[in-house]
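Note sheet for the following structure.
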Amino acid sequence: MASMYSSSLEALQLPFENLHLFDNSSLSLNASSTGVFPDPQRNHGLGFSRVGSFRSCLDYFTGESMNLGSSMFDDVNSNVSPGFQPIFSLDSEYSYGYSNWVIDMAKTEEGSKDLQKLLSNSTNNNRIFSWVFDFIVELMIDQSGRYLFQKLIESADETQLQMILEKLLVPHNYIYYASLLKYGSCSIKKLITVLEKSPLITCVIKALGDKFEKLMMDPIGHYVIFECLDVLDSQTNDPLNIQAMKHCLELVRHEQGSVSMSGFVTRIKGPRRDQLLKLISRNSAFLAQDPTGNYVVQCVIRLQNPAMNDQIFRNLEGYYVKLSTTKTGSYVVEHCLLSSGLDRVINELLRSDRLVSVAKDRYGNYVVQTALKESKKREISLHGSLVVKLEQHLKCLQHGYGRNVVSVLRCLQ
559 MASMYSSSLE ALQLPFENLH LFDNSSLSLN ASSTGVFPDP QRNHGLGFSR
609 VGSFRSCLDY FTGESMNLGS SMFDDVNSNV SPGFQPIFSL DSEYSYGYSN
659 WVIDMAKTEE GSKDLQKLLS NSTNNNRIFS WVFDFIVELM IDQSGRYLFQ
709 KLIESADETQ LQMILEKLLV PHNYIYYASL LKYGSCSIKK LITVLEKSPL
759 ITCVIKALGD KFEKLMMDPI GHYVIFECLD VLDSQTNDPL NIQAMKHCLE
809 LVRHEQGSVS MSGFVTRIKG PRRDQLLKLI SRNSAFLAQD PTGNYVVQCV
859 IRLQNPAMND QIFRNLEGYY VKLSTTKTGS YVVEHCLLSS GLDRVINELL
909 RSDRLVSVAK DRYGNYVVQT ALKESKKREI SLHGSLVVKL EQHLKCLQHG
959 YGRNVVSVLR CLQ
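Sequential numbering from 559 applies to the sequence shown in this note's numbering.
Structure follows, in structure tokens:
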């Protein structure tokens, strides 16, 4: 009997040996959307081929008596091949062998659905919880297993939820690793929703905050941060907001980080919102020239916050002409023209001796076109001054990109 339990414990250690490799080579920080943790080869004698159909076994759960006693295991044992030695015991707190069997079952579409049906009963809840607890990480990142995980945490009590969190945080931050995976991130988002009103949510926020920059730079991981902003209140999210301010200037200059920060800016609530917007506005002249940072400046302008926009427009004065002739900067200048910065931009163009050069530029011609169209609708005096100055150089504008500006001039007459 001692050797029997020894072999079962060795078998149980297999999944965790693989999970412990996350810090080394099993999982990169930029995991693909289809990446999964290594699936250990369980040679425990409890695979489906040795037990038979798990659906026949579930009949014992769903029967009228809901009997989970020895008769159930007797039936399972009667289906195994000759010489098979069971590694579970009904006398132990956890039926180790059956735990592995249930995990394999949960990782199939049909088996996951059947197990979810059993969670309507509290006795079944506790039993299934005990069976899957040691493999909770493996369950939550699996395509089918995640649905059982999500159903399980919905029915779990506070003690069980605390046990799950401890499992996910000690000794490794599995909340972070799972957030980088397609199915794992779905499980973490569900966990956030379930813990919305629980004090345990602070543990999740801390785990995410510790890896905030890496999550925001990940094409999957940043959605977990967004879930926090969408579901939780600003006070609960404060550690994330602080991290956003701390890493803002690094993130906005990263391709994925810039996209993530734009989404963060539109979602953030509470007093930290203005602090973050001010930080971006103060650095707008620098960010407007950055290949990725310019998108965050555009995002702030679109929020139509008068104070923030005024600061951005003031910071960009003296740079409008230069920005108009660059790919990234021209987008920012056009956003200024489409908002309350129109008069600042047009006045700088009128004062400049480079207006014609801007009109003939591959990017600048779009800025001049936008200036003509918007001033026609909102600032007729500025529009007239701009038209007069451009018409003085019509012959020069007849070639290259300048023809686009001439076409707009004729349409607006």
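Just so you know, even glycine gets a beta-carbon here, dropped at the ideal spot from N, CA and C.
- In this chain, the alpha helix (DSSP H) harbouring Q869 covers P864 to L874.
- The Cβ neighbour count for Q801, taken over all protein chains shown within 10 Å, is at least 16; the residue is labelled buried.
- When DSSP states are grouped into helix, strand and coil, G828 belongs to the coil group.
- Our two residues, N867 and R811, have alpha carbons roughly 21 Å apart in a direct line.
- Contact between the stretch 786 to 795 and the stretch 833 to 843 is absent, with fewer than three C-beta pairs closer than 8 Å.
- In terms of Cα proximity to N873, the closest of C894, S915, K885 and C857 is C894.
- A Cβ-Cβ contact shorter than 7 Å links H951 with V914.
- The Cβ-Cβ distance between R830 and V879 does not fall below 7 Å.
- With distances taken between CA atoms, T666 lies nearest to Q701 out of Q701, T681 and Y656.
- Sixteen is the threshold: since fewer than 16 other Cβ atoms of the shown chains lie within 10 Å of the Cβ of Q862, the residue is exposed.
- DSSP places D788 inside the alpha helix (DSSP H), whose first and last residues are H780 to V789.
- Around the Cβ of R968, a 10 Å sphere holds fewer than 16 other Cβ atoms; the residue is exposed.
- Counting other Cβ atoms within 10 Å of its Cβ, H780 reaches 16 or more and is therefore classed as buried.
- Cβ-Cβ distances below 8 Å link I870 to S839, S842, V855, V858, I859, C894 and G899 in the same chain, with the five nearest sequence neighbours on each side left out; the list follows chain order.
- If you look at S882, you'll find it in the alpha helix (DSSP H) that goes Y878 to S882.
- Scanning V695, E712, S657 and I694 for the CA closest to the CA of R685 turns up S657.
- Of the candidates V823, S943 and K709, V823 places its Cα closest to the Cα of I783.
- In the structure shown, E808 adopts helical secondary structure according to DSSP, grouped into three states.
- Between V963 and N923, the beta carbon gap of about 5 Å places them in contact (Cβ cut-off 8 Å).
- DSSP, read as helix, strand or coil, puts Q801 in helix.
- Straight through space, the alpha carbons of K947 and C806 are spaced by roughly 41 Å.
- For the pair E949 and S965, the Cα-to-Cα distance works out to about 12 Å.
- Annotation: the stretch 661 to 715 contains the following complete segments of the alpha helix (DSSP H) (minimum length 4 residues), in chain order: 667 to 676, 680 to 690, 694 to 698 and 703 to 713.
- Cβ-Cβ distances below 8 Å link C761 to L723 and L727 in the same chain, with the five nearest sequence neighbours on each side left out; the list follows chain order.
- Boundaries of the alpha helix (DSSP H) around Q927: G922 to R936.
- In terms of Cβ geometry, G887 and Q847 form a close pair [threshold 7 Å].
- Here L861 carries a coil assignment [DSSP, helix/strand/coil].
- Around the C-beta of T883, 16 or more other C-beta atoms lie within 10 Å, and the residue is accordingly described as buried.
- Spanning the alpha carbons of G703 and V817 requires a straight line of approximately 31 Å.
- Straight-line measurement puts the Cα of Y732 at about 21 Å from the Cα of L787.
- Relative to M698, the option among S943, K747, E716 and G958 whose CA is nearest is K747.
- Closest option to M775, judged by alpha-carbon separation, among R936, A664, G669 and Y734: Y734.
- Check the Cα spacing between Q708 and each of D919, T681, L944 and S670: the tightest is with S670.
- Annotated three-state conformation of E813 is helix, per DSSP.
- Using a 10 angstroms sphere on the CB of K918, the tally of other CB atoms reaches 16 or more, which defines it as buried.
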